[in-house]
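Asks:
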Amino acid sequence: METLAPTVVVASLLSQVANYTFQRDITGDRKAPWDHTSEYQTICSQLAQFETLFDCYGDIQATILNAPLRQSEPNVPITESTILTYVLYHLCYCLLQHPFLIRRRLERTQFKIPAGFLSRTIVSCFTHAQELTRTVENAARAQYKVSATFLSYASTVAGSIHCLFQHSLDCLTRIQSVEALQSSIMHVSGKTRFWKTSGRMVAKLTQFAVDSIRCSDLIDPSLQSVPLEVADIDQLYALCDYGTLSTTKALSSTDTAATNIESEDLTIEREQSPRLDLDGYSGHIDGILPQIFGPANTGTMIDNFSFALRDYGENEENINGTNYAWRL
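The numbering used here puts the first residue of the sequence shown at 2, with every later residue one more than the last.
Here's what the structure looks like:
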């Protein structure tokens with residue numbers, strides 16, 4: 002329970018993020034994302050509650066790398082579920098704050114964007130993309146199982162962000178982004194022997210690594226608008242849309258205001274998929290862990306999650322004298 006519950010809740014949040022980020026009809030939330038009552042801020046507040054949970058692992062990257070050496074210690078264990086949860090958490094931010102995706106949404110609302118908001122958002126996106134890639138890399142190094150195709154998708158989204166930041170004016174940011182991009186490509190490339198989907202991801206990400214110079218203005222917070230060619234818009238949407246990456250058909254720029262994130266069968270790769278029914282997209286994720294994700298209210302799930310963690314913490318305190326009662 003202690004590892005599955007967080008995964009369920011973060012996956013539910015990822016569903017909400019995807020629905021918000023790729024939403025075709027934005028009439029449901031016309032508030033600017035910097036408005037504290039907006040859906041964007043609500044999602045950020047829900048995600049922020051997980052910081053306390055992850056703090057229980059201390060330096061989580063060091064804990065991942067040293068996990069095989071610490072199995073006998075009474076620390077909170079790092080499992081594959083923990084790693085998946087942590088990756089999904091950062092993927093939420095990568096999609097929510099992606100310089101391309103958030104600008105596209107703001108273009109449809111026609112709000113004047115405060116430079117401070119863009120600056121904070123862009124820096125935050127860079128940080129989360131770096132941490133996502135570092136997590137997958139360190140987990141593989143520590144011999145955790147990181148073969149799920151959805152982790153390849155997460156690496157591809159983070160990789161698209163690394164592609165943009167490799168053109169940063171800051172030297173250290175450029176170096177970190179190039180290294181992270183290489184790590185992302187290496188991770189996804191390692192799955193191409195088993196999944197054709199991974200092959201498409203590598204091809205698109207490698208191509209965008211070259212083409213991204215044309216989109217580098219997206220990370221400049223001083224620019225209110227960044228005009229892009231239709232081909233570049235299609236390319237960026239394709240890198241962020243799991244449905245597109247999982248099919249052989251391209252998603253046209255006229256349809257890219259919605260997405261379809263769904264996981265494929267982990268034993269049989271689908272050769273062909275029907276064209277995405279974008280008008281009927283609900284934003285739900287149906288398969289990262291089969292059959293457990295549905296249209297549940299995220300707030301309710303978080304309340305249940307908080308209760309589960311308190312119950313788990315009380316049990317642990319009784320057994321070990323250690324309090325893991327995380328308050329969300």
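Quick reminder that beta carbons are idealized off the backbone N, C-alpha and C, glycines included.
For Leu119, which residues of its own chain have a beta-carbon under 7 Å away from its beta-carbon, when the five flanking residues on both sides are left out?
Replies: Pro222
Asks: Please classify His37 as buried or exposed, where buried requires at least 16 other C-beta atoms within 10 Å of its C-beta.
Replies: exposed
Asks: Do three or more CB pairs link the region 186–200 to the region 215–231 at distances below 8 Å?
Replies: no
Asks: If you follow the alpha helix (DSSP H) that Leu14 is in, where does it begin and where does it stop?
Replies: Leu5 to Thr22
Asks: How many Å lie between Lys32 and His91 at the Cα?
Replies: C-alpha separation (whole angstroms): 24 Å.
Asks: Between the alpha carbons of Leu15 and Gly117, how many angstroms are there, rounded?
Replies: 25 Å
Asks: Classify Leu206 as buried or exposed, calling it buried when 16 or more other Cβ atoms lie within 10 Å of its own Cβ.
Replies: Answer is buried; the Cβ neighbour count reaches 16.
Asks: With DSSP collapsed to three states, give me the class of Ser330.
Replies: No answer is possible for residue 330: it lies beyond the span of the chain, which begins at 2 and ends at 329.
Asks: Do three or more CB pairs link the region 46–53 to the region 124–139 at distances below 8 Å?
Replies: no
Asks: Run through DSSP, which three-state label would Tyr145 get?
Replies: Tyr145: coil per DSSP, three-state reduction.
Asks: Check the C-beta distance from Ser169 over to Ser178 and give it rounded, since I have them as a contact under 8 Å.
Replies: 7 Å
Asks: Can you tell me the Cα-Cα spacing of Leu246 and Cys57, whole angstroms?
Replies: 35 Å
Asks: Using the three-state DSSP reduction, which class does Cys241 fall into: helix, strand or coil?
Replies: helix
Asks: Just the Cα atoms here: how many angstroms apart are Ser82 and Ile186?
Replies: Straight-line Cα distance between these residues: approximately 23 Å.
Asks: Using a Cβ-Cβ cutoff of less than 8 Å, which residues in the same chain neighbour Gln167 once the five nearest sequence positions on both sides are dropped?
Replies: Arg175, Ser178, Val179, Leu182, Ala210 and Ser213
Asks: Which residues in the same chain have their Cβ closer than 8 Å to the Cβ of Cys45, if we skip the five residues on either side of it in sequence?
Replies: Result list for Cys45: Leu97, in chain order.
Asks: To the nearest angstrom, how far is the alpha carbon of Arg106 from that of Pro115?
Replies: 15 Å
Asks: Put Thr38 into one of helix, strand or coil per three-state DSSP.
Replies: coil
Asks: What three-state label does DSSP hand Arg109 in the structure shown?
Replies: helix
Asks: Would DSSP call Asp287 helix, strand or coil?
Replies: Confidence in Asp287 is poor, its pLDDT being 37 and thus under 50, which makes the residue's placement too unreliable to answer from.
Asks: Have a look at Trp35 and Arg194 and give me their C-alpha separation to the nearest angstrom.
Replies: 44 Å
Asks: Report buried or exposed for Leu133, applying the criterion of at least 16 other Cβ atoms within 10 angstroms of its Cβ.
Replies: buried
Asks: Alpha carbon to alpha carbon, how far is Thr22 from Leu102?
Replies: Approximately 7 Å between the Cα atoms of the pair.
Asks: In or out: Lys192 buried (at least 16 other Cβ within 10 Å) or exposed?
Replies: buried
Asks: If you run the structure through DSSP and keep just helix, strand and coil, what is His168?
Replies: Of the three classes helix, strand and coil, the one that applies to His168 here is coil, per DSSP.
Asks: According to DSSP, simplified to helix, strand and coil, what is Ile269?
Replies: Any answer about Ile269 is weak, because its pLDDT of 26 lies below 50 and its placement is not dependable; what the coordinates show is given next. In the structure shown, Ile269 sits in coil (DSSP, three-state: anything other than H, G, I, E or B).
Asks: So what does DSSP say about Thr53, is it helix, strand or coil?
Replies: helix
Asks: Suppose you measure from the CA of Thr80 to the CA of Ala204; what does that come to, to the nearest Å?
Replies: 31 Å
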